[in-house]
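Okay, structure first, notes after.
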Amino acid sequence: MPSSQAPAAVIETTALTKLYPGNVAALDGLTVAVSPGVTGLVGANGAGKSTLIKILLGLIVPTKGQAKVLGHDCETSGERIRTLLGYMPEHDCLPPDVTATEFVTHLGRISGLPPTVAKERAAESLRHVGLHEERYRPIGTYSTGMKQRVKLAQALVGDPRLLLLDEPTNGLDPAGRTAMLELIARIGAEFGISIVIASHLLGEIERICDHLVAIEGGRLLRADTITSFTQVSQVLAVEVEEGLAQLQAELAARGLTASTHARTLLVPLGGDDTYDVVRDCVAALALPLCRLEQRRHQVEELFRDEAAGEEASHV
Amino acid sequence: MSEVATGVIHDLGYRGYDGPRLGRVQIVKALTWHSFRSAFGIGRGVKGKIVPALAVIAMCLPAFVNAFAVARGNPRLFGYDVYVPTLRVAVVTLFLAAQAPELVSRDLRNHVLPLYFCRPLRRGDYPLAKYLALTMALLLLIEIPLLILYVGTIASVKGKGAVWDETKALIPGLGVGLMWAVLMAAVGLVLASFTGRRAYSTGIVAISCVLTFVVSVLLIQSEGGTTATATGARIAGLFSPFTLLDGVRVWLGGTSPGLVANPGGYGPLYGVVTIVLLAACLGGLAARYRKVSQS
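Structure, rendered in structure tokens:
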């Protein structure tokens, strides 16, 4: 099983710095370790995500610091690393005049697969991403969603141990995004392949990630498991058809400060007894309760707050 | 569960691959073979095959005419080392202008290169494979007519001595073809890799080849033509890759009259300039892809 051999961290960087001409720091002393599983690499555009990916692929050399992928040093073992990696670029990278089968087979050869294996694995990868008869049509005739799937299939064809996906939901409609995210989650869960998803849409990828790494201005903002991100801020959303103000007052009387958010009351979730208090309040006032759900803050909001704090401390 | 919801993802299980993987050399070989095929439009639509087919037909036609003429008792129509020089210049220019962009600007235009460079290749491997592929394609384009010329001729000549004479004449001819392929592939690729826009790329290759050739030919003519022995005429061939190659051919002992005046004592200069041009083109190509792989 690949997971038993996997090192403790699939990616490890130490004080990684990349300066572009003019002393523009794309990465500024980034130290982070990424565990096996599905990891979201989040940050605004220009935060350094793509630079980090290029260093991990061994395509550019860091100015300072060290990066390791699956235990191999990126500067000295670029070739070895690239046999273990699958990379899905952010931008369009498909020729319109060849079929998906031909294209993915060809890239399978370039990944080092023997001819017949390349053919088999190309067919299989395309099937896994949900392309069937369409794969015999030129890629130019595909929808954006299908093209994204071909890009994912070419990353899978060489049987990588780690997938680097750069903005995999780019240009997709909501249904396409959901399908793509489910596909990625499935690859992570069932294929035994670790995945790093770079995205600026945190709200979207947090659904499928085990870990999150947030970078800002080339530096690490925070890296942790998704649960520790969300545990901080559990709230109970209470919705009643009428008497919102009454309920708020009643809750306050019993020691719970609830805030209103549109037509919902948000009650900080202390423990199980919070549920009881809310239930008793609603019962005492005989209000028509229509929703009672545990909710977490969107992780995005947390980052926004932290990023804003960071920025403020810089100024 | 999720498979049902999305409808298109079927759970047939993922299988890894633990079998042997090819090394870098074999990967470069695979890319070379793939590129070689696409130089002749194989694996592309019908449209992609038109120019290579026309080029091969145009190049071979004189050789077939020769076979016919020799069969009727005439001597061989062309020398192996020159083989209808102006036609060869025209066809090689056409082939390069159409097919060098097919090999390099197509990938640039479609931004496919990141998919190559994220695989176990080194930076120089991609341009190397493309160069080998185009050299092989040009070699085929140039040498096949020579072989047809040879076969067509020996089919009609009498006696073992005559066949041996033909063979002895063919070998330097093949050498000249190799020289052409090696230099012109480098020139064509470096020019084509400037831009991902196919039309511009074709234009750059065609204009560079035609313009330099016209300049050299005009200079040679203004200095007294290919039979002149003045210094001006001797060095006028240095300004275009085609005349440069012909100068080297004459310097190395090529007999038949070709594109340039005999370079005489300037022969080694032709040799040096040819090598410098080849090195510059290959260096330029490598530098071009070093830049691309990082962006």
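Going down the list, the sequences are from chains A and B. Position in the first sequence (from 1) plus 88 gives the number in our numbering. Position in the second sequence (from 1) plus 2 gives the number in our numbering. Glycine included, each C-beta is placed from N, C-alpha and C at the ideal position.
Looking at the structure shown, is residue i part of a helix, part of a strand, or coil, going by DSSP?
i	result
A:H299	strand
B:R78	coil
A:I148	coil
A:L252	strand
B:T95	helix
A:E398	Low confidence applies to A:E398: its pLDDT is 49, below 50, so where it sits in the model is not reliable, and the reading given next is rough at best. Three-state DSSP puts A:E398 in a helix.
A:D312	strand
A:S231	coil
B:A316	Lying before the first or after the last residue shown, residue 316 of chain B is absent from chain B, which here runs from 3 to 297.
A:Y405	There is no way to answer for residue 405 of chain A, as the model of chain A reaches only from 89 to 403.
A:K156	strand
A:R237	helix
A:L201	coil
A:R342	coil
B:Y16	coil
A:G117	strand
A:Y108	strand
B:V262	coil
With 8 Å set as the bound, which would you pick, yes or no: does the beta-carbon of residue i sit closer than that to a beta-carbon of chain B?
i	result
A:R170	yes
A:E399	Confidence at A:E399 is low in this model, with a pLDDT of 49, below 50, so its placement is unreliable and no value can be given for it.
A:S347	no
A:P124	no
A:H160	no
A:D424	Beyond the ends of chain A as shown, which are 89 and 403, falls residue 424 of chain A; an answer cannot be given.
A:E278	yes
A:Q93	Note that A:Q93 has pLDDT 48, beneath the 50 cutoff, so the model's placement of it is unreliable and the number below is only indicative. No, its Cβ sits nowhere closer than 8 Å to a Cβ of chain B.
A:D368	no
A:R307	no
A:E294	no
A:D298	no
A:G200	yes
A:D185	yes
A:R197	yes
With a threshold of 6 Å on Cβ separation, who are the neighbours of residue i within its own chain once the five nearest residues in sequence on each side are excluded?
i	result
B:A100	V53
B:S203	P103, S107, A194 and T197
B:W253	P265, G269 and Y272
B:L151	A65 and N68
A:A206	T193, G196 and R197
Looking at chain A, is there any beta carbon in it that lies within less than 8 Å of the beta carbon of residue i?
i	result
B:Y16	yes
B:N68	no
B:A171	no
B:I52	no
B:R290	no
B:G43	no
B:I146	no
B:A32	yes
B:G21	yes
B:G47	yes
B:S195	no
B:I29	yes
B:P129	no
B:S37	no
B:R124	yes
B:S295	yes
B:L24	yes
To which residues of the same chain is residue i closer than 7 Å at the C-beta, ignoring the five residues directly before and after it?
i	result
A:G305	D116 and A135
B:L98	M186, G190, V207 and C211
A:V245	V192, L195, G196, S199, R209, A210 and S213
So what does residue i bridge to, in DSSP terms?
i	result
A:S382	Note that residue 382 of chain A is Gln in the sequence shown here, rather than Ser. In DSSP, A:Q382 forms a bridge with A:L324.
A:G128	A:I285 and A:L300
A:T102	A:Q154
A:P183	Partner(s): none; A:P183 has no beta bridge.
If contacts are defined as beta-carbon pairs under 8 Å, then residue i and residue j qualify, I think. What distance do you get, rounded to the angstrom?
i	j	result
A:R310	A:S282	About 20 Å; that fails the 8 Å criterion.
A:T257	A:E292	6 Å
B:S258	B:V84	5 Å
A:A103	A:S123	Going by Cβ atoms, the distance from A:A103 to A:S123 rounds to 20 Å, so no, they are not a contact pair.
B:A235	B:L143	With a Cβ gap of about 30 Å, B:A235 and B:L143 do not count as contacting.
B:N68	B:T155	7 Å
B:L136	B:A41	6 Å
A:G146	A:C162	5 Å
Identify, in the order they occur along the chain, each residue of the same chain with its Cβ nearer than 8 Å to the Cβ of residue i, setting aside the five sequence neighbours on each side.
i	result
B:T231	A263, N264 and G266
A:L339	T345, A346, L353, V355, V365, V366 and C369
A:E190	none
B:V250	M181, G269, Y272, G273 and T276
A:L201	R209, V245 and G246
Of the residues that make up the segment 89-120 of chain B, which ones have a beta carbon closer than 7 Å to any beta carbon in chain C? Absence of chain C from the displayed structure is noted, the protein chains being A and B.
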